[in-house]
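Under the numbering used here, the first residue of the sequence shown is numbered 8, with each subsequent residue one higher. Each residue gets a CB set at the ideal place from its N, CA and C atoms; glycine is no exception.
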Amino acid sequence: QVQLVESGGGLVQPGGSLRLSCTASGFAFSWYAMNWYRQAPGKERELVATITSGQSTNYADSVKGRFTISRDNAKKTMYLQMNSLKPEDTAVYYCNRSPKIPSWGKGTLVTVSS
Numbered sequence: 008q009v010q011l012v013e014s015g016g017g018l019v020q021p022g023g024s025l026r027l028s029c030t031a032s033g034f035a036f037s038w039y040a041m042n043w044y045r046q047a048p049g050k051e052r053e054l055v056a057t058i059t060s061g062q063s064t065n066y067a068d069s070v071k072g073r074f075t076i077s078r079d080n081a082k083k084t085m086y087l088q089m090n091s092l093k094p095e096d097t098a099v100y101y102c103n104r105s106p107k108i109p110s111w112g113k114g115t116l117v118t119v120s121s
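Below, the structure written as structure tokens:
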């Protein structure tokens, strides 16, 4: 069964850091580009960062220089290191591959607040 499970969210103060994890199962993880998305309250889901099977990365302008995406193919896990967090980073964070798996995971909530 193809599955993606996000974890690592929480409450953090502005300027703080968090590391999110996305653990995959049911498909050949190393073959696929993987993506982090987020959905803030009342907004549409947006693409945050991408890492290809060849380890190339790309970021949304809003997180460039603050977030780092990485992957460990042996563990079938992708990470998102988030530094210098801002209140506007508050959202539920999801992972998915390219092409997308139709059934999204539950996501992990990141709340940036003092």
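Query, Result
"Can you check which of these residues, Leu-25, Gly-16, Val-12 and Gln-10, is closest to Asn-90 by C-alpha distance?", "Leu-25"
"Given this structure, state the Cα-to-Cα distance separating Val-99 from Ala-81, to the nearest angstrom.", "26 Å"
"At which residues does the beta strand (DSSP E) containing Ile-58 begin and terminate?", "53-58"
"Helix, strand or coil, according to DSSP, for Ser-69 in the structure here?", "coil"
"If we count Cβ pairs, one from each stretch, closer than 8 Å, do we get three or more for the stretch 16-35 versus the stretch 50-70?", "no"
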